[in-house]
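Chemist: Take this structure first; my questions come after.
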Amino acid sequence: MKPSIATSIGQIQLDKPVMLASGILGISLDVFNRLYASGAGAVVTKSLSTVSWEGYPNPTIFSVKGGGWINAVGLSNPGASNFAKMIEPNQDVPIIVSLVGSVPEDFEMMIKEFKNCKVKAYELNLSCPHVAKVGLEVGDDPGLVKAIVSTVKNATDVPAIAKVGLGTSNYLNTVSTAIDCGIDAITAINTVRAMAIDVETQRPILSNKFGGLSGTPIKPIALRCVYEISSKYDIPIIGCGGISTWEDAIEFFLAGASGVQLGSAIGDNWVGVFDDINKGILDYMKRKNYSTIKEMVGLAKKS
Amino acid sequence: MQRNLNHPTIVTIEKVIDETPTVRTLVFSDDVMPTVLPGQFAMVWIPGVNELPMSVMISKESGKAAFTVRKHGPSSTGLFNVPVGGQIGIRGPYGNSFDVKEGKLLLVGGGTGLVPMMRLLSFVKPTDDVTVLMGAKSKDEVFFEDLSNELLKNNPHQVIVSTDDGSYGEKGFVTDLVEKLVSETHFDAVYVCGPEIMMYKTVQAAHAKQIFVQASLERMMKCGVGICGSCCVGEDLACRDGTVFDGGHLSKNKEFGHFHRNKAGILENY
């Protein structure tokens, strides 16, 4: 049987397992079309808020010398309503809408904005590490996680994914709470809170001082988190953090992820990275004699 | 360790040249920036102020490059005010560059859009017949006229200045002159950088005459490397696919000449 790289992440069916991560290139439907044509299995939008946000002043992105990026773009986005109008014509591209908010009502209100849009899933940003009152500050509060996930599950039949990251509390508690409230899948992880200081001018480089570290430096951490979640809970997982090659994607499958997301790799390899990884996964499957992604998911836990 | 071009390198401003009351050129020494191609840009960090995309300017001295900035908002004013001895961070170069054609060339620049044109002039061959068209609001805001003539002293050339108020050179918009020139003369290539409506009209005029034309687009840029998405124009990213685009490609882009995105990514009309 010819191997297929199609995958199921719970109820979410995708033709290809590598998705665009949230926060990257996510504000234009034309760009989504291009990424889909370039081999992305789905695109996750920038995290949308109830009203538009300008984000932080530059510098918002810093390149780490040893690899990886620190960003504090500040969740700039056109707001859920403007964004929904833009993606309304879309029929073909599997779009996962990322939402960020402080209280359950924010999420409920935004989901209503997308009633005329074809949304593959909602990804709840419970893990942005550099914006106050949202993201990690929400993810670190079990009461809020419970209220938000419950509200979202009541508000829509579209699958909901919780994106978790490393905050001040144990992220596994966030996962556990989200699962108890009916979450359909988990994305792990977000960027990791970090900073950079310039020694010549003796200043923090990012205008926000703190940002989120992404790219190859966080891959081993993200991989560990996926492995931990899949070892402890029976929940579909999307791996995210430092994936830039097909080997990285396979590692995440073996750790327990059914799909992966990437962002930083686009900075290095541009949009061709999707097809490169898809091809590498397919070649690996042929060589190892797998016909589905599912056969590989979680295999590393056997040893 | 080899220099990581994405990582800010700190350089010191060695010379400040006042071009007009609102435009300055800041000269600095560097290994990389003096070699960049016409149209490429750098992300320039002004510590404590902001980080801006800037076209890289030529310098007549070897090993040196420059940025030419007009004080406008807080960020560009921050760069404008960096004194001799002040430090800025630079990363890049980013983006593609103009395809340097040979023959009869028309270079159109408006305001600081003249910067990549000056860099382009240092790449033309002595046999090229070059027309430089520069637009400014008024006489006070005209700059690089002498520099253009000097760079082209060995070429057949003309430098035409137009001012909106007619206080110097030709009176009127530079795009009216472009339309006139491309209808009267055959050009092998047209290059343009400046306000987007000016570029749009120039591209339309040249493209309609089937003349090779390229424009260097300016957009809200945050990362410079194609991650943040702020600078998207239709399906293109100005930082990664451009900033230089062919007229044929641009004429199919629904946003070019009509919309730009604000800091939040909302499309706004020009």
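Here the protein sequences line up with chains A and B, keeping their order.
Just so we're aligned: 276 in the UniProt record's numbering is position 276 of the first sequence, and the numbers increase by one with no gaps anywhere.
Just so we're aligned: 38 in the UniProt record's numbering is position 38 of the second sequence, and the numbers increase by one with no gaps anywhere.
No residue lacks a Cβ here, since even glycine has one placed at the ideal position from N, Cα and C.
1. Tell me whether B/His260 sits in a helix, a strand or coil according to DSSP, three-state version.
2. Within the chosen definition, does the segment 78–98 of chain A reach the segment 14–33 of chain A through at least 3 CB pairs nearer than 8 Å?
3. Go to B/Asn50, then tell me how far its alpha helix (DSSP H) extends in each direction, as first and last residue.
4. Taking only runs that begin and end inside the segment 197–270 of chain A, name each unbroken beta strand (DSSP E) of 3 or more residues, in chain order.
5. Determine the DSSP secondary structure at B/Arg219, reduced to helix, strand or coil.
6. Measuring straight from C-alpha to C-alpha, what distance separates A/Trp270 and A/Asn208?
7. Should A/Arg287 be labelled buried (16 or more other beta-carbon atoms within 10 Å of its own) or exposed?
8. For B/Ala238, which three-state DSSP category applies?
9. Identify whether A/Ile95 lies in helix, strand or coil by the three-state DSSP scheme.
10. At the level of alpha carbons, what is the spacing between A/Phe107 and A/Ser49?
11. Name the chain A residues that come within less than 7 Å of B/Lys222, Cβ to Cβ?
12. Would you please verify whether the beta carbon of residue 272 of chain B is less than 8 Å from any beta carbon of chain A?
13. With A/Asp180 as the anchor, note down where its alpha helix (DSSP H) starts and where it stops.
14. Is the shortest distance between the beta-carbon of A/Pro78 and the beta-carbons of chain B less than 8 Å?
15. Is B/Lys64 helix, strand or coil by DSSP?
16. Using only CA atoms, which one of A/Glu113, A/Val73, A/Leu166 lies nearest to A/Leu126?
17. Could you check which residue in A/Ile189, A/Arg203, A/Ala188 has the C-alpha nearest to that of A/Met195?
18. May I ask you to list the residues that DSSP assigns as paired with B/Ile90?
19. Go ahead and pull the three-state DSSP assignment for B/Gly169.
20. For B/Arg240, go through chain A and note every residue whose CB falls closer than 7 Å to its CB, in chain order.
21. List, in chain order, every chain A residue whose beta-carbon is nearer than 7 Å to that of B/Val82.
22. Within the same chain, show all residues whose beta-carbon is closer than 8 Å to that of B/Gly172, passing over the 5 residues directly before and after it, in chain order.
23. For B/Lys252, would you say it is in contact with chain A, using Cβ-to-Cβ distances shorter than 8 Å as the test?
24. Per DSSP, which one or two residues make a beta bridge with A/Ile70?
25. Going by DSSP, what residue range makes up the beta strand (DSSP E) through B/Gln158?
26. The alpha helix (DSSP H) spanning A/Arg34 covers which residue range?
27. Can you look up A/Met19 in the DSSP assignment and give me helix, strand or coil?
28. B/Leu177 and B/Glu184 - do their beta-carbons sit closer together than 8 Å?
29. Suppose the cutoff is 6 Å on Cβ atoms and the five residues either side in sequence are ignored; what does the same chain contact list for A/Ala72 look like?
30. Indicate whether the contact test is met: 3 or more Cβ pairs, each with one atom in the segment 27–36 of chain A and one in the segment 280–296 of chain A, closer than 8 Å.
31. Leaving out five residues on either side along the sequence, give the residues of the same chain with a beta carbon under 8 Å from the beta carbon of A/Gly74.
32. Can you name the start and end residues of the beta strand (DSSP E) that B/Phe245 belongs to?
Modeler: Taking the geometry as given:
1. strand
2. yes
3. Careful: B/Asn50 lies outside any alpha helix (DSSP H), inside the beta strand (DSSP E) at 50–55.
4. 210–214, 237–240, 259–262
5. coil
6. 26 Å
7. exposed
8. coil
9. strand
10. 8 Å
11. Asn58, Thr60, Ile61, Val73
12. Summary: the structure shown does not reach residue 272 of chain B, with chain B confined to residues 1 through 270, and so no result is reported for it.
13. 171–180
14. yes
15. strand
16. A/Leu166
17. A/Arg203
18. B/Thr9, B/Val44
19. strand
20. Trp270
21. Those do not exist, as B/Val82 stays about 12 Å from chain A at its closest Cβ, beyond 7 Å.
22. Ser162, Asp164, Gly166
23. no
24. A/Phe62, A/Leu213
25. 157–163
26. 29–37
27. strand
28. no
29. Tyr56, Thr60, His130, Leu206, Asn208, Gly211
30. no
31. Trp53, Glu54, Gly55, Tyr56, Thr60, His130, Val131, Asn208
32. 244–246
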